[in-house]
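>
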Amino acid sequence: MVIMNYSNNMKLETKTIGNIFADNPKITSRNVNVFYHDKQAINNVSLDVGSKEIISLIGPSGCGKSTFLRCFNRMNDTIDGCKVEGNIVLDDQDIYHPSVDVVPLRAKIGMVFQKPNPFPKSIYDNVAYGPKIHGLASTKDELDSIVELSLKNAGLWNEVKDRLQSPGTGLSGGQQQRLCIARAIAVSPEIILMDEPCSALDPIATAKIEELIHQLGKNYSIVIVTHSMQQAARVSQRTAYFHLGELIEVGLTKQIFTTPQDKQTEAYISGRIG
Amino acid sequence: MSNNNKNYTLMDAKKAEEIVRSNVKKRRRKDIVLKSIGQFAIFVALSFLVFLFVSIFAKGIPGFFQHYVTLEVNLDQKRLDPKGDLSADSLYSGDARKLVLEALYKEINPKGRKQKKAAKKILSSNAEIRVAQMVLENPSLLGKTIPITFALDDDIDSFLRGYIKRDTPESDRRINNTVIKFVDVLVEKNLVDYKFSDYILSGSASRSPEIAGVKGALIGSILTLFVCFILSFPIGVATAIYLEGFAPKNRITEIIEININNLAAVPSVVFGILGLAIFIGVFGMPRSIPLVGGMVLGIMTLPTIIISSRAAISAVPPSILDAAYGVGASKLQTMFHHVIPLAIPGMLTGTIIGMARALGETAPLLMIGMVAFIVDIPNSIQEPATVLPVQIFMWADFAERMFVNKTSSATIILLVFLILMNGIAIFLRNKLERRW
Numbered sequence: 014m015v016i017m018n019y020s021n022n023m024k025l026e027t028k029t030i031g032n033i034f035a036d037n038p039k040i041t042s043r044n045v046n047v048f049y050h051d052k053q054a055i056n057n058v059s060l061d062v063g064s065k066e067i068i069s070l071i072g073p074s075g076c077g078k079s080t081f082l083r084c085f086n087r088m089n090d091t092i093d094g095c096k097v098e099g100n101i102v103l104d105d106q107d108i109y110h111p112s113v114d115v116v117p118l119r120a121k122i123g124m125v126f127q128k129p130n131p132f133p134k135s136i137y138d139n140v141a142y143g144p145k146i147h148g149l150a151s152t153k154d155e156l157d158s159i160v161e162l163s164l165k166n167a168g169l170w171n172e173v174k175d176r177l178q179s180p181g182t183g184l185s186g187g188q189q190q191r192l193c194i195a196r197a198i199a200v201s202p203e204i205i206l207m208d209e210p211c212s213a214l215d216p217i218a219t220a221k222i223e224e225l226i227h228q229l230g231k232n233y234s235i236v237i238v239t240h241s242m243q244q245a246a247r248v249s250q251r252t253a254y255f256h257l258g259e260l261i262e263v264g265l266t267k268q269i270f271t272t273p274q275d276k277q278t279e280a281y282i283s284g285r286i287g
Numbered sequence: 282m283s284n285n286n287k288n289y290t291l292m293d294a295k296k297a298e299e300i301v302r303s304n305v306k307k308r309r310r311k312d313i314v315l316k317s318i319g320q321f322a323i324f325v326a327l328s329f330l331v332f333l334f335v336s337i338f339a340k341g342i343p344g345f346f347q348h349y350v351t352l353e354v355n356l357d358q359k360r361l362d363p364k365g366d367l368s369a370d371s372l373y374s375g376d377a378r379k380l381v382l383e384a385l386y387k388e389i390n391p392k393g394r395k396q397k398k399a400a401k402k403i404l405s406s407n408a409e410i411r412v413a414q415m416v417l418e419n420p421s422l423l424g425k426t427i428p429i430t431f432a433l434d435d436d437i438d439s440f441l442r443g444y445i446k447r448d449t450p451e452s453d454r455r456i457n458n459t460v461i462k463f464v465d466v467l468v469e470k471n472l473v474d475y476k477f478s479d480y481i482l483s484g485s486a487s488r489s490p491e492i493a494g495v496k497g498a499l500i501g502s503i504l505t506l507f508v509c510f511i512l513s514f515p516i517g518v519a520t521a522i523y524l525e526g527f528a529p530k531n532r533i534t535e536i537i538e539i540n541i542n543n544l545a546a547v548p549s550v551v552f553g554i555l556g557l558a559i560f561i562g563v564f565g566m567p568r569s570i571p572l573v574g575g576m577v578l579g580i581m582t583l584p585t586i587i588i589s590s591r592a593a594i595s596a597v598p599p600s601i602l603d604a605a606y607g608v609g610a611s612k613l614q615t616m617f618h619h620v621i622p623l624a625i626p627g628m629l630t631g632t633i634i635g636m637a638r639a640l641g642e643t644a645p646l647l648m649i650g651m652v653a654f655i656v657d658i659p660n661s662i663q664e665p666a667t668v669l670p671v672q673i674f675m676w677a678d679f680a681e682r683m684f685v686n687k688t689s690s691a692t693i694i695l696l697v698f699l700i701l702m703n704g705i706a707i708f709l710r711n712k713l714e715r716r717w
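Structure (structure tokens):
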């Protein structure tokens with residue numbers, strides 16, 4: 014058991030190897046436990062997400078990385094019997110405090126899912142939906158420009174500008190995923206959570222998304238869950254390795270992939286667990 | 282990652298292939314047997330269906346037609362309109378009957394009281410009302426002598442169709458030889474027609490089959506179903522939305538769910554007793570009205586709508602919910618913007634299935650008195666009415682021969698109504714279904 018010094022002089026108990034802190038934290042999570050009914054899925058995880066940082070969460074299937082990701086925008090609330098304990102603070106606000114409303118929280122923290130899940134609506138409506146429900150645009154022109162900029166930032170504008178009214182589900186898998194990214198950034202979030210965004214895509218579409226993630230990293234904090242270690246190595250600055258609900262090791266991506274401190278991490282990186 | 286590299290020896294590949302081959306024939310045979318059993322079952326089901334349709338249509342199509350006689354009636358103003366103000370009162374109290382009979386006597390020349398009495402049996406009792414109505418609609422006819430077509434009495438109709446046979450002994454026949462002689466005269470003079478009935482679609486309940494129609498029952502059915510829909514669709518869908526989207530998972534909701542599922546299987550007559558006890562007993566609503574009938578059927582339809590709506594809601598892919606929640610939609614917005622538009626075709630299907638069942642329901646309506654013999658066509662949900670299946674039920678019970686055909690005709694009308702409703706449902710579903 015390593016005892017670390019918390020920034021405000023609280024003691025933090027963690028077994029995690031490496032530095033869980035970020036220089037300029039956007040989200041700080043402390044001693045997070047997640048239960049599905051009686052089964053514990055996340056065990057005492059503490060991790061910071063830095064401002065405008067890309068951090069990837071890796072680990073074998075069922076290790077809890079997606080569960081942990083879904084804690085950040087309280088998507089776990091929608092799952093029956095899921096209980097989250099511990100402290101997750103976003104910009105000095107505890108997001109699990111009873112007074113916190115999930116609607117503005119989720120507007121601030123966008124999410125991209127494993128399988129592209131555009132709404133069965135037009136491309137335009139897919140992107141415009143978020144801004145519409147949050148009242149971000151007061152005129153049609155404003156909405157148009159939000160849609161255009163979001164699609165441009167998601168690298169999809171040139172491919173769809175002539176058919177904004179055609180169904181979003183008619184796009185190819187990679188395009189759909191970029192549409193979902195456009196939908197997420199249309200509400201101007203500060204953080205984007207990505208849950209294995211490329212696992213359903215072919216290598217070319219994956220390359221495009223990775224390039225896009227790289228671009229987006231300049232403006233947003235991005236937490237990405239991935240099964241592909243190469244992807245983690247390519248896109249992220251920091252990497253966290255999860256195993257059986259515990260955060261085993263966290264560090265700079267380069268260091269995790271070259272000189273992992275923990276035996277389990279090393280075994281996973283070198284392909285012996287997985 | 283297995284470290285175990287030892288190879289266990291399994292069966293020899295050649296031998297395995299042989300065993301598989303020897304089994305193939307047996308497996309094929311089982312496939313064929315199963316397939317033919319299925320085909321036979323479908324054949325049996327289809328032949329029942331064909332039998333049903335043939336029997337209904339064979340009896341029902343003739344029920345849409347009947348025999349008419351055309352007579353030259355002198356519309357004498359003084360006798361038709363004794364008060365001289367052309368009011369309905371005056372016309373209905375006038376002597377239309379005599380005028381019609383005179384026109385008939387002119388054709389068949391009955392001699393003496395006995396023959397005249399026989400002649401009176403030829404025409405439907407509705408003949409005089411038809412004359413009065415014609416004049417009421419068009420007073421300029423007064424004083425003229427014009428040909429008017431009258432329905433023949435149902436016994437004459439039966440005779441002309443051959444249901445009453447000439448060679449049956451007179452004492453066993455519903456019509457005597459004199460009447461038959463007169464009918465022969467009318468037929469010889471080419472005054473009798475067989476044509477589409479005026480009454481089946483526009484007439485109301487009557488003990489005389491030749492003027493009985495389904496209009497009252499049809500309107501009663503429409504009004505009842507309207508009330509049923511207004512009550513059950515919003516409540517059913519709202520319940521389904523609450524149970525699927527908002528209700529916490531606990532004991533109470535579990536009990537509610539079990540009860541709803543059980544209610545769907547409760548015999549419909551029980552709902553009739555419930556309606557009788559609550560709507561009529563406690564709230565003191567009148568009997569026989571579509572409002573009460575619709576409410577009873579609405580309660581009966583609720584479980585069907587709730588169950589199918591819930592199924593439709595839970596069939597919406599969770600990824601859509603994730604997407605909506607992910608951009609920060611509230612529960613309500615997620616429901617109304619994403620879930621319901623995707624679930625509405627399924628909800629409609631369930632509703633139509635429920636309504637179709639309600640349309641064909643008699644038992645609960647008998648309990649609340651919608652079985653009454655109601656001649657007036659209902660104008661609102663608060664006037665006594667009957668419904669199509671109850672009408673069919675009553676006609677099937679009547680003794681007159683021609684009601685056999687009328688019963689099948691009304692069944693055809695019910696089926697057409699049903700097909701129309703289902704057609705609308707399929708149209709709506711296809712229109713609302715998002716194929717992308």
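So the sequences go chain by chain: A and B. Positions 14 to 287 (the working numbering) are the ones given, in order, by the first sequence. Positions 282 to 717 (the working numbering) are the ones given, in order, by the second sequence. Positions of the beta carbon are idealized from the N, C-alpha and C atoms, including for glycine. Note that the structure is a prediction, hence the values are computed from the model and not measured.
(1) In chain order, what residues of the same chain have a beta carbon less than 8 Å from the beta carbon of residue 146 (chain A), not counting five sequence neighbours either side?
(2) Per DSSP, what kind of secondary structure is residue 143 (chain A) in: helix, strand or coil?
(3) Once you ignore the five residues that flank residue 87 (chain A) on each side, which residues in its own chain have a CB closer than 7 Å to its CB?
(4) Could you tell me whether the Cβ atoms of residue 162 (chain A) and residue 136 (chain A) are closer together than 7 Å?
(5) In angstroms with no decimal places, state the Cα-to-Cα distance between residue 538 (chain B) and residue 281 (chain A).
(6) Closest to residue 61 (chain A) by CA distance: which of A:264, A:270, A:274, A:284 is it?
(7) Counting C-beta neighbours from all protein chains within 10 Å, is the total for residue 341 (chain A) 16 or more, i.e. buried, or is it exposed?
(8) Tell me, to the nearest whole angstrom, how far the beta carbon of residue 689 (chain B) is from that of residue 337 (chain B); I am working on the premise that it is less than 8 Å.
(9) Taking 7 Å as the limit between beta carbons, can you name the residues of its chain near residue 455 (chain B), skipping five residues before and five after?
(10) Going by DSSP, name the residue or residues bridged to residue 150 (chain A).
(11) Within its chain, find whatever has a CB closer than 6 Å to the CB of residue 32 (chain A); leave out the 5 residues flanking it on each side and keep chain order.
(12) Indicate whether at least one CB of chain A lies closer than 7 Å to the CB of residue 604 (chain B).
(13) Flag residue 80 (chain A) as yes if its beta-carbon sits less than 7 Å from any beta-carbon of chain B, otherwise no.
(14) Excluding sequence positions up to five away, which residues of its chain have a Cβ less than 7 Å from the Cβ of residue 82 (chain A)?
(15) Kindly indicate if chain A contains any beta-carbon less than 7 Å away from that of residue 663 (chain B).
(16) Quick one: is residue 143 (chain A) near chain B, going by C-beta distance under 7 Å?
(17) Hey, does residue 530 (chain B) have any beta-carbon neighbour from chain A nearer than 7 Å?
(18) Here's a check: name, in chain order, each residue in its chain whose Cβ is nearer than 6 Å to the Cβ of residue 425 (chain B), leaving out the five neighbours to either side.
(19) Candidates A:211, A:85, A:144: which alpha carbon is nearest residue 122 (chain A)'s?
(20) Apart from the five residues on each side of it in sequence, which residues of its chain come closer than 7 Å, Cβ to Cβ, to residue 55 (chain A)?
(21) What does DSSP give as the partner residues of residue 43 (chain A) in its beta bridges?
(22) Straight-line CA distance for residue 180 (chain A) to residue 640 (chain B)?
(23) Residue 683 (chain B): which of B:560, B:487, B:500 sits nearest, CA to CA?
(24) Of the choices B:586, B:489, B:395, whose alpha-carbon is the least far from that of residue 513 (chain B)?
(25) Leaving out the 5 sequence neighbours to the left and right, which residues in its chain are closer than 6 Å to residue 203 (chain A) when beta-carbon positions are compared?
(26) Could you compute how far the alpha carbon of residue 309 (chain B) sits from the alpha carbon of residue 315 (chain B)?
(27) Roughly how many angstroms separate the alpha carbons of residue 652 (chain B) and residue 671 (chain B), rounded to a whole number?
(28) Reducing DSSP to helix, strand and coil, say where residue 208 (chain A) ends up.
(29) What did DSSP end up calling residue 21 (chain A) once you bin it into helix, strand or coil?
(30) Can you tell me which of the three DSSP states residue 216 (chain A) falls into?
(31) Which residues of the segment 574-607 of chain B have a Cβ closer than 8 Å to any Cβ of chain A? Give them in chain order.
(32) Quick one: list the residues of chain A neighbouring residue 627 (chain B), beta-carbon separation under 8 Å, in chain order.
(33) Is there at least one Cβ from chain B nearer than 7 Å to residue 124 (chain A)'s Cβ?
(34) For chain B, check one thing: does any of its Cβ atoms lie closer than 7 Å to the Cβ of residue 47 (chain A)?
(35) Let me see if you follow: with CB-CB separation under 7 Å, is residue 213 (chain A) close to chain B or not?
(36) What is the DSSP secondary structure of residue 292 (chain B), counted as helix, strand or coil?
With the structure as the only source:
(1) Within the same chain, residue 146 (chain A) has no close Cβ partners at all.
(2) Assigned with DSSP and collapsed to three states, residue 143 (chain A) falls in helix.
(3) If you ignore the 5 residues before and after residue 87 (chain A), its C-beta comes within less than 7 Å of the C-beta of 108, 115, 118, all in its own chain and listed in chain order.
(4) Using a Cβ distance threshold of 7 Å, residue 162 (chain A) and residue 136 (chain A) do not count as a contacting pair.
(5) In a straight line, the C-alpha of residue 538 (chain B) is about 47 Å away from that of residue 281 (chain A).
(6) For residue 61 (chain A), the closest of A:264, A:270, A:274, A:284 by C-alpha to C-alpha distance is A:264.
(7) Absent from the structure is residue 341 (chain A), since the part of chain A shown begins at 14 and ends at 287.
(8) Their Cβ separation, rounded to whole angstroms, is 5 Å, which keeps residue 689 (chain B) and residue 337 (chain B) in contact under 8 Å.
(9) Excluding positions up to five away in sequence, the list reads 436, 445.
(10) Note: residue 150 (chain A) is not bridge-paired with any residue in the DSSP secondary-structure output.
(11) Answer for residue 32 (chain A): no residue qualifies.
(12) Interface annotation, residue 604 (chain B): in contact with chain A, CB-CB separation under 7 Å.
(13) Cβ-Cβ to chain B under 7 Å: no for residue 80 (chain A).
(14) Its chain contains 70, 206, 208, 236, 238 as the residues whose beta carbon lies nearer than 7 Å to that of residue 82 (chain A), once the 5 sequence neighbours on both sides are disregarded; these appear in chain order.
(15) Cβ-Cβ to chain A under 7 Å: no for residue 663 (chain B).
(16) Taking Cβ atoms only, chain B reaches closer than 7 Å to residue 143 (chain A), which makes this a yes.
(17) Yes, residue 530 (chain B) lies at the interface with chain A (some Cβ there is under 7 Å from its Cβ).
(18) These residues qualify, in order along the chain: 356.
(19) Comparing Cα-Cα distances from residue 122 (chain A) to each of A:211, A:85, A:144, the minimum goes to A:85.
(20) So the qualifying residues of the chain are 45, 46, 47, 77, 80, 81, 258.
(21) Residue pairing of residue 43 (chain A) in beta bridges, as defined by DSSP: A:100.
(22) Near 39 Å, if we compare the C-alpha coordinates of residue 640 (chain B) and residue 180 (chain A).
(23) Among B:560, B:487, B:500, the Cα nearest to that of residue 683 (chain B) belongs to B:487.
(24) Looking from the CA of residue 513 (chain B), the closest CA among B:586, B:489, B:395 belongs to B:586.
(25) Cβ contact annotation for residue 203 (chain A) (same chain, cutoff 6 Å, sequence separation greater than five): 121, in chain order.
(26) About 10 Å.
(27) Using only the alpha carbons, I get a separation of about 6 Å.
(28) Residue 208 (chain A): strand per DSSP, three-state reduction.
(29) Legend: pLDDT at residue 21 (chain A) = 49, less than 50; position of this residue unreliable, value from coordinates given subsequently. DSSP places residue 21 (chain A) in the coil class of the three-state scheme, outside both helix and strand.
(30) DSSP, read as helix, strand or coil, puts residue 216 (chain A) in helix.
(31) The segment 574-607 of chain B vs chain A, Cβ under 8 Å: 598, 600, 601, 602, 603, 604, 605, 606, 607.
(32) Chain A residues near residue 627 (chain B): none, gap ~15 Å exceeds 8 Å.
(33) At least one CB atom of chain B sits nearer than 7 Å to the CB of residue 124 (chain A).
(34) At a cut-off of 7 Å between beta carbons, residue 47 (chain A) makes no contact with chain B.
(35) Cβ-Cβ to chain B under 7 Å: no for residue 213 (chain A).
(36) Correct three-state label for residue 292 (chain B): coil.
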